[in-house]
Every structure is written in C-alpha cells, then in structure tokens.
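Residue numbers for the sequence shown, in the working numbering: 422 to 495. Think of the CB as a built atom: it goes at the ideal place given N, C-alpha and C, for glycine as much as any other residue. Each remark here refers to the structure printed beneath this line.
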Amino acid sequence: MTSESGEDHYFNVQSVQGANLPSNGDKVSFDSRLGNKGPSAFNVSIVSKATQVSSSYNDDRINCPSCGKKLCLA
Numbered sequence: 422m423t424s425e426s427g428e429d430h431y432f433n434v435q436s437v438q439g440a441n442l443p444s445n446g447d448k449v450s451f452d453s454r455l456g457n458k459g460p461s462a463f464n465v466s467i468v469s470k471a472t473q474v475s476s477s478y479n480d481d482r483i484n485c486p487s488c489g490k491k492l493c494l495a
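Structural data, given as structure tokens:
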C-alpha cells in the first residue's frame with residue numbers, strides 16, 4: 422500500500438482490522454513503522470472501497486474439475 426506521501430508500505434493480513442482485505446484503489450488508514458522489509462503498515466482499516474468499473478471482458482476460461490483452477494483452452 423502507498424501512503425499519501427507516495428511511500429510504499431509492506432503489510433500482511435494480520436495487520437488488517439476486520440474481516441475484509443483491502444483491494445486496489447481502496448482508501449485505507451494505517452499506522453506506520455520501520456520493519457525488516459522497509460516501511461510497514463499496521464492497524465490497517467478500510468476507509469472507503471474503490472468504485473468498480475464495469476468491464477466487458479469475457480472470461481472464457483474453464484474451471485478444472487479436479488482442482489478448480491482456471492484453464493485456458495487456446
């Protein structure tokens with residue numbers, strides 16, 4: 422995630438408050454501290470969800486019947 426000053430922060434799911442994880446474009450609030458990988462975010466909470474843009478993309482892949490992963494038949 423990126424701070425208002427443009428600095429990238431590392432975070433993991435244990436740093437997120439609540440049941441929902443942030444997605445790209447979501448506005449979040451967080452506290453910052455220096456971690457092993459550089460700036461680290463903790464006490465992460467979602468302030469507002471990003472608006473979703475409707476997409477005309479047609480996902481024509483199929484799900485593998487044994488593992489459930491998406492497969493391309495090109």
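Among the options, nearest to residue i - alpha-carbon criterion
i           : options            : result
residue 451 : 437, 473, 486, 442 : 437
residue 426 : 468, 453, 487      : 453
Boundaries (first-last residue) of the beta strand (DSSP E) holding residue i
i           : result
residue 486 : Note, residue 486: premise wrong, no beta strand (DSSP E); not H, not E.
residue 439 : Element bounds for residue 439: n/a, residue is neither H nor E.
residue 432 : Here residue 432 belongs to no beta strand (DSSP E), and DSSP marks it neither H nor E.
residue 462 : 459 to 469
residue 456 : 448 to 456
Proximal residues to residue i (C-beta, below 7 Å), its chain only, five neighbours per side dropped
i           : result
residue 468 : 448, 449, 450
6 Å Cβ shell around residue i - same chain, five flanking residues per side excluded
i           : result
residue 497 : Only positions 422 to 495 of the chain appear in this structure, which leaves residue 497 out of reach.
residue 471 : 446, 447
For residue j and residue i, the rounded distance between their alpha carbons
i           : j           : result
residue 464 : residue 487 : 38 Å
Stretch pair the stretch 481 to 489 + the stretch 442 to 457: three plus CB contacts closer than 8 Å: no
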